[in-house]
Structure formats: C-alpha cells, structure tokens
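Written out below as structure tokens is the structure these notes cover.
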Amino acid sequence: MSRKFRPVSQSGMYSVRGSEIARTGNSNPQMIRCVVELLDDSEFIIDLDKDSKGEVLLNEVFNHLDLQEREFFGLHYFAPDSPDNLVWLREEKLIRKQRKGPPPYIFYYGVRFFVSDPAKLTEDLTRYYFYQQIKRDLLTGRLPCFYDTAAELASYILQAELGDYDPKLHLDGYVGEFRFIPDQTDDFEERASEFHKHHVGQTPADAEFNFLEVAKNLDLYGVNLHCAQDNQGTELFIGVSALGLTVYHNKCKINFFPWSKIIKVCFKRKRFYIQIRPDWNEWKDNVIAFQMPTYRATKNMWKTCVEYHSFYRTHCPKPTNNRRLFRMGSKYRFKGKTEYQAIEESRNHVRPEPKIVRTLSRRYSKRSDSGTWSRSLRRLDLDREFEKDPSLFNEKHAPKFHYSSAPNSTDKLDKVNFRRSNSTSGNVGSIAKPSVAQDNHQKTGRSSDSLDSKNSDECDEDETKVGNGTTPQEGLMTVKMDPDDKGRFGFNVQGGSDIELPVIVSKIAPSTPADLCVPQLQEGDEIVYINGQSMKGLAHLEIVELIRSISCCKNQTLILTIRPNVFASQGPRSINDSPTHVLSPEQYIENERKHEQDIIIAKKEKAEARDEEALRVSIEQLRENLDSGDLLVYFQELYRKKPGMSMDEARKPENLPKNRYRDILPYDDTRVKLLKGNSDYINANYVNMEIPSRHIVLTYIAAQGPLEKTCGDFWQMVWEKESTLVIMLTTTMERGRVKCHQYWPEGDDTWTFGNLEVVCTKIRDFSPSYVYREMYVTNNKSLRSRVIVQLQYLAWPDHDVPEDATDFLEFVHSVRHYREGTSTPVVVHCSAGVGRSGVLMFIETAFAMIEGAEPVYPLEIVRKMRDQRGSLIQTPVNIVCLSCLLRYMTG
300 MSRKFRPVSQ
310 SGMYSVRGSE
320 IARTGNSNPQ
330 MIRCVVELLD
340 DSEFIIDLDK
350 DSKGEVLLNE
360 VFNHLDLQER
370 EFFGLHYFAP
380 DSPDNLVWLR
390 EEKLIRKQRK
400 GPPPYIFYYG
410 VRFFVSDPAK
420 LTEDLTRYYF
430 YQQIKRDLLT
440 GRLPCFYDTA
450 AELASYILQA
460 ELGDYDPKLH
470 LDGYVGEFRF
480 IPDQTDDFEE
490 RASEFHKHHV
500 GQTPADAEFN
510 FLEVAKNLDL
520 YGVNLHCAQD
530 NQGTELFIGV
540 SALGLTVYHN
550 KCKINFFPWS
560 KIIKVCFKRK
570 RFYIQIRPDW
580 NEWKDNVIAF
590 QMPTYRATKN
600 MWKTCVEYHS
610 FYRTHCPKPT
620 NNRRLFRMGS
630 KYRFKGKTEY
640 QAIEESRNHV
650 RPEPKIVRTL
660 SRRYSKRSDS
670 GTWSRSLRRL
680 DLDREFEKDP
690 SLFNEKHAPK
700 FHYSSAPNST
710 DKLDKVNFRR
720 SNSTSGNVGS
730 IAKPSVAQDN
740 HQKTGRSSDS
750 LDSKNSDECD
760 EDETKVGNGT
770 TPQEGLMTVK
780 MDPDDKGRFG
790 FNVQGGSDIE
800 LPVIVSKIAP
810 STPADLCVPQ
820 LQEGDEIVYI
830 NGQSMKGLAH
840 LEIVELIRSI
850 SCCKNQTLIL
860 TIRPNVFASQ
870 GPRSINDSPT
880 HVLSPEQYIE
890 NERKHEQDII
900 IAKKEKAEAR
910 DEEALRVSIE
920 QLRENLDSGD
930 LLVYFQELYR
940 KKPGMSMDEA
950 RKPENLPKNR
960 YRDILPYDDT
970 RVKLLKGNSD
980 YINANYVNME
990 IPSRHIVLTY
1000 IAAQGPLEKT
1010 CGDFWQMVWE
1020 KESTLVIMLT
1030 TTMERGRVKC
1040 HQYWPEGDDT
1050 WTFGNLEVVC
1060 TKIRDFSPSY
1070 VYREMYVTNN
1080 KSLRSRVIVQ
1090 LQYLAWPDHD
1100 VPEDATDFLE
1110 FVHSVRHYRE
1120 GTSTPVVVHC
1130 SAGVGRSGVL
1140 MFIETAFAMI
1150 EGAEPVYPLE
1160 IVRKMRDQRG
1170 SLIQTPVNIV
1180 CLSCLLRYMT
1190 G
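Residue numbering for the sequence shown follows our numbering, beginning at 300 and increasing consecutively.
Following this line, the structure appears as structure tokens:
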C-alpha cells in the first residue's frame, strides 16, 4: 500500500525558486534578465517583464543603438537541439517561451537579412553595423573569400581605423597588429598594406562603403548555410540567399535553384523537398529531396526559405487566411516588412544623420622570443596627436602621453588612507598628487619602455606637476580606478571642445569601479586631466576613445584629475536634490542642442525657400520661351557633337559593321568598353547626370538597338556592367523597317550568347503602351546568375511624339521606381540610341531636379548630355515633346 508524502512541521524546508532568482541577480520573480552581445563585443543588459514578447526586447536594443533601418537586423541564440543552426528571436512570441531554461537569457545581435546592394541603405550608421558584421564573419571564417579580395577588404579596415597611409607612422609590420582572417600570413599583411596605400583621402564612412561594395560580390555574402545530405548520404550544405537556393559540396557550388524556378518548398519529418518548375522538354515537375540532421533543423530550414523569399522577392507579405477550420502543415508566414518596404520607409522618414561612435579593433604585438601574438597597450590616437603637436614626443624618451600600469602597493595604501572631502575648495597639500615617476611608462604604439634615470629624477623633484607639466589648481583631486573583468569603468562623460562644454561625469553605474573607487567619483565632477593629458582641445569622441583605449587592457589604471562638485550643490546629495542656480549637464546640453537644431532648421527653411524661388523662375522662363518659339531657335543653335571629341574607334574598318547608322557613333572618351571577347567595341556611351541638390548621380548607358550580330555584345555589356534594368523605347519593326533586333527569348526558350544563357521568366502587360519582362541571365563559366528587368515602351514612333503623354509619364515613373536604390547604370536604347533615349534621360533628370527644388534649364541639360554622347535629343520634335511634358507636370 502506497503512502502519500505529507510534509510535517519538523521537516526542513529549502526554497529552490528563491535560490535560483538570487543566482540570476534578479530579486523580482516577475522580471527576466536579457543579455545582448553587440557587434562590438559590448553587452546590453535589460530586465523585462516575464510576459514580454520578442518585439519588446528588439525595440529596446534598436533604441539603444539609435537604429532606424531595423528590418535587416535581429537577435539570435543557439538552441540546444540544433547547435549548428541559428535560431532568430521571433517578435510575436513570448521570450521565455522561445528561450528554455532559467534566466539570464543570452542573445546575439547581428544582421538577419543582408541588403542586396549597400547603396540602397539610407544611413551610414546602418552600413556601419553591416560593416561590423562582415568584418566579424571574415575573422571567424564564416565568410571565406579569395586571397586578394581578403587583402583588399583588410585594407579598407585599415583605412577606416588608421586613416591615410603614412610611411613615417605606419612602419613595417603595422598590419600585423590586426587580425582580419583566421590564417593570416606575412605575405597577406604585405598585400593589405599595398592596397592601403591607394586609399588616400577616404573617410571612415567612405572606406566602410567601399568595403561593403567589395563584400557584396562574395559568393557567400548573405547566404544562410544549413547542413544536409543527399540520397546517397553525401555531406552537403544548402545556402538560402536573396537569389534562391544553392547547394555546396566540399566548398564548391554544385547546383543552384533560383526562386523564379522554384514552385514550392516543403518538409516532412527530417526530409526537405524542393519542387522545381519543369523545362520546356519535361512533362512533370522535378522534386529534389534532402535529408536534414533533425526535425528541428528541417523546420528551421523551411522557415528560412519562407522568410528569405518573402523579404527579397515580394513588395509586401501575402496576408494569411487564419479563418480556415482545417489547415495542413505549418501556418508560419513571414509577417515583417520586406526589403522594398524597409528601403521605401527609410527614404520617406529622413532624419538628421546620427553620430557614429566607431569601435576600434584590438591591437596585437608579436613577441620576438616565442613568435606568439598578444594584446599590446597602444594609444589609439597617437598618429593624430603627433600631427597636431610633434613636440609632445621625444626621440630619446617615452612620449608624454602615457598610460600607467597596474598600481603598486603604495597606490593601494593611498587608497586606504585617503578619504574624499565634500568641500570644493580644498588645500593643495591635502590633495593626492599624481606621481608620474611611480608608474610604469609605456611608449604608445610600441613595446613597453621605461624612462631613463634623468627623466625619473625630474619627475621626483617636481611631483606637484600633473602629467603635462602644468601645476594643478586649487580644488583639484585625483581618482584612480581599474577596469572590471569586462574592461569597463562604469561611468559616462559629456562635453568636449566640439560643443564648447567642460568634460563632466554625467552618469555612474552602481557596483562598478567608478562607484566603488576611493576617493569616490560623483556625478557632476569635471574631468580636467586623464592620465596626465589635458582635456582642453579634445572633442567628445576623442575623449571617449581615450578612455576606451585605457580600458582595453585589464592591467591599466585610469587616473582622473577632477574638479569635484562643479555641477552639484554643496554637501551630501539626495535623489530629489537639484541645483538651484546652475543647470545640470544634461539640461545645459539639451538646451544647446535645441538651440543648434533651431538654427539648422531656420537655415534649411531659408535655403529651401530660395531654391523654390529659383525653380519657379526657371519654369516661368521655360513657358515664355515655349510660347515665343525662342526655345526651338536656341535648340537648333546647340552643337550636336561636342567639339574636340574623337570617334576614331567607331570608324575602324572592323567596327563599322557594328554601327546601325553611320552618323551616330560613340565618343572615344566616354564609350563603353567590353572586357572580354575578340573586340572591346560596342556602340554605347556612359551618360552621368549629377543632381547636386539631392547628392545623387543618375547613371546611364545610352546604346543603339542591337543588330543581329551584336546581340551577344549587348548581353556581355549588361553582364559586365552589372546592370539590372534595361529600358527599350522602340519596337522591333516600324514602317516596314527593322529598328532593333529581338535580343530576348520568348516562352520557354533559352538563348545562349557565349558564356551567357538568357531565359525570359515573366512577361506582364502593364498597359497597351508598355511591357514588363523579367529575364534570368546565367554565366555558365562562373555559375553566377542575375535577374534583369526590361521595360519596353511601344507607343512612340520614330521621329514623332508619344501617342499619350499620360501613359509616357506613367512609364517614366515606373523606370524611376525600378532603378530606385541601384548604383549600377541603367541601359537605355531605342533604335539609334540618341533620340527617344535622350528624351527619357532628360525627363528623369528634370524630375529629380524639381524634387530637389533645383532650377531646370533645358538647354543646359541637353548640353551636358551631348558632352557625353553626341546627338542626344536628336530632333526639334523631341525637344517640343519634352517641354510639353514638363509643362504638364508643373501644371
């Protein structure tokens, strides 16, 4: 007979739950602690309600990072049942339901969706986080690349962190102080240094942008890898990307399935299936199966495919029908914003560019005896300070800007015996004097080296001097502290020479070195010196970097010479106390910031009003010239071809058959050159139209309609110049004459031009006036593929005007929509590539200028266009057509 367990009064009791809560450091059982590791290895710790969803934590992290373009980022963690696959935190589910086990919950912040083109991003801050993620992936081996490409990427990191190459400062082996790739060699470092020499003049933001431009072309850029096996048990990796699914074996790409050819993805237990659309000679769909390690890994793979396809291939997520009584399979659907929505929203909500606090990479020094790498103590801004004042350094002695090593026993005695006074006007004799001689000096950026005996004697004789040789004023005192295990001191500072405010301690975190040091540091104290360096002339960012450089090594002591209680009342402080006559640092800085913003807004409104007036005057002048007919007279007086521009390459005997018309030839200076093939000639020119008011450049390739013999050259040009949009402003036949050879396939046909295969995957008639085509181009040699969009306008006869101006305006808006965010040139062609092509480029340029409140002068625009390709906007009929469209647009 079983006995029921009943606790008696004499039994002992032990609170397991209470001990668990105490272990997590959270005394409130209704709260959970979340620790987020950021891309710069710092941590963001926050306590949330236990019923908080993932969206709450994500918003807190994004607000902490001041991030606006949030849809590309997320938080991930490692699930116990699938350690190889990342599991992303879902916004709609409770945090404690996703993370099993007791808190604290550890998450990792990172890029979830890699933008297809970094130029589409609005803010440099977003690009900086992408840069941090890719830099980490290179170092960990997550993003492998070729030797030269890795060296080029490393050179951009050097440019962003060290600035321009200077042989006097960047001595041999300076690249070895950084780690860029797992297996870094001396030859790699020399190659990176050679690249670094060619980046002179690039700001950190420019270097980071160029870094991303190179990284986006890597084979594994933005690819989410999953372990799998085929039917024979061969170990494979399936990569999910913006273009489709890629299969890898032994680090080689063996198959690729674009999204346009995939009908469906599904899974059952540990099997993952891909259903492929059949080719023209096949009767049924192809179904490819893969074996995944676990059921959880299979479902995670399927969810990744759903998310990537929805994010990259749709304008808005397809709404789910949750009213059905019966539903087979998972009901998971991607509910976030797509790439298109994220980019459009960020462009519509422009804000002042946020400040970027860049975290510098670790420095290493190579020991001469063992050859191993170890952390070095290096001043991060040594080069900049040397340029400002070379007298700060001595060839025989250590620099005066130095950092002290760990405090000795005497320092500890001083800490015990010294107690801080609350009075702001103390006696100099009762203030702890910072002694330079008792610390171990170190040459910044080189190996540790102590001062000679002569210099040490000088310091002992005049120990009342503070590091830079100036005698401290009355009321100054010294505070010393060591960083904690994570390299943090635990206080924030405000002020600096860039905002013309003193450097003030604005916040002190509890239970940190700044809170526990003796004498105690308090909020409102003014910092006068840091390790002997004066704060005069240093900007806020330089001060922050100086403190961080000291904290990067645990055996470094931070020595602050402060003026206590500058922004605080006398006597002990209370939480409710506030200064009566002196503003707090936060209030003072907030008032200054509001004043600066008001000035910026007023200047901006004044400039906009001036620009709008200039635009209005230019439109009125255009109308007057149209009514009087003067515009036609001025247009006919313009040169058709810029004087002094040669066309020798186009007139060579071997190239003459490649020209559709004998009088429409490309300039030699601006012509497009093919990189591969028997000849580099094609009848096409680069045309770049700069819009200064919007800080953009509209890039075009103006080309003639391809001949039958030049279709291969045309596709080779599109591929090499990475163009994704082709604008066709003619039909193939007009009035019984061939105006352009058909260079694209129809139906299920696949056309081959050299190494390129072209397939038309989608055709859509937006209106009777223009057609949308989507073509899939694959390079059989490199096995890389690209989607090319073609927009063809049908209702514009040659040497005439469009039948409907409204339809053509809609077409121009469609062109602007599809080219939005792209940095590659748009290919524009009609028959000759000068008449209708020139009108479209003119209209789009004028639209952009009007949006930027920039005055529009038609003849000036035509002159700039003809300086790059002759005869653009060929006839007076075209200029009348375009002027009427401008009049229609401006009312």
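Every residue gets a Cβ at the ideal spot worked out from N, C-alpha and C, and that includes glycine. Predicted, not measured: the structure shown is a model, and the values here were computed from it.
Note on geometry: alpha-carbon atoms of Val971 and Tyr999 lie some 11 Å from one another. DSSP, read as helix, strand or coil, puts Gln832 in strand. Nearest to Gln531 by alpha-carbon distance, out of Glu1033, Gln821, Ala450 and Ile587, is Ile587.
Out of Gln367, Trp1095, Ile405 and Leu438, the CA that lies nearest to the CA of Ile344 is found in Ile405. Around the beta-carbon of Lys399, fewer than 16 other beta-carbon atoms lie within 10 Å, marking it exposed. In the DSSP assignment, Arg435 falls within the unbroken alpha helix (DSSP H) covering Asp423 to Thr439.
The three-state secondary structure of Tyr966, taken from DSSP, is coil. DSSP places Phe1141 inside the alpha helix (DSSP H), whose first and last residues are Arg1135 to Glu1150. Runs of the beta strand (DSSP E) lying entirely within the region 1019-1044 and spanning at least 3 residues, in chain order: 1024-1027. Looking at the DSSP output, Gly928 bridges to nothing.
A straight line joining the alpha-carbon of Glu825 with that of Leu857 spans about 15 Å. According to DSSP, residue pairing for Tyr408 in a beta bridge involves Leu374. DSSP places Gly400 outside both helix and strand once states are collapsed to three, so it counts as coil. Remark: C-beta atoms of Thr603 and Asn523 approach each other more closely than 7 Å. The beta carbons of Met780 and Pro809 sit no closer together than 7 Å. Going by DSSP, Gly1053 is part of no beta strand (DSSP E) at all; its letter is neither H nor E.
DSSP places Asp505 in the uninterrupted alpha helix (DSSP H) bounded by Pro503 to Ala514. Around the Cβ of His525, a 10 Å sphere holds 16 or more other Cβ atoms; the residue is buried. Bridge pairing for Glu336: Glu342 and Tyr407 [DSSP]. Collapsing the DSSP output to three states places Lys1163 in a helix. Straight-line spacing of the CA atoms in Asp350 and Pro328 works out to 11 Å. Remark: C-beta atoms of Ile981 and Met1016 approach each other more closely than 7 Å. Secondary structure note for Cys604: its alpha helix (DSSP H) is the uninterrupted segment Tyr594 to Arg612. Considering only Glu638, Val778 and Val1070, the residue with the shortest C-alpha distance to Phe412 is Glu638. As computed with DSSP, Gly1046 is found in no beta bridge at all.
Rounded to whole angstroms, the separation of the alpha carbons of Leu800 and Gly794 is 5 Å. Annotation for Asp423: Ala504, Glu652 and Ile655 place their beta carbon closer than 7 Å to its own, counting only its chain and skipping 5 residues before and after. Burial state of Pro952 is exposed, judged by a 10 Å Cβ sphere holding fewer than 16 other Cβ atoms. For Val1037 and Ser540, the gap between their C-alpha atoms comes out near 41 Å. Apart from the 5 residues on each side of it in sequence, Tyr1092 sits with its Cβ closer than 6 Å to the Cβ of Leu1028, Tyr1069 and Phe1110 in its chain, given in chain order.
Per the coordinates, the alpha-carbon of Leu837 lies some 28 Å from the alpha-carbon of Asn362. Restricting attention to His648, Ala1131 and Asp1048, the CA atom closest to the CA of Arg961 is found in Ala1131. Inclusion of Pro1175 and Phe1013 in the CB contact set at 7 Å is not warranted, their separation being larger than that value. By the Cβ test, the region 1073-1080 is not in contact with the region 989-1009, since fewer than three Cβ pairs between them sit closer than 8 Å. Each residue's CA atom was taken as its position, placing Thr1023 and Glu1119 some 11 Å apart. In the structure shown, Gly475 adopts helical secondary structure according to DSSP, grouped into three states.
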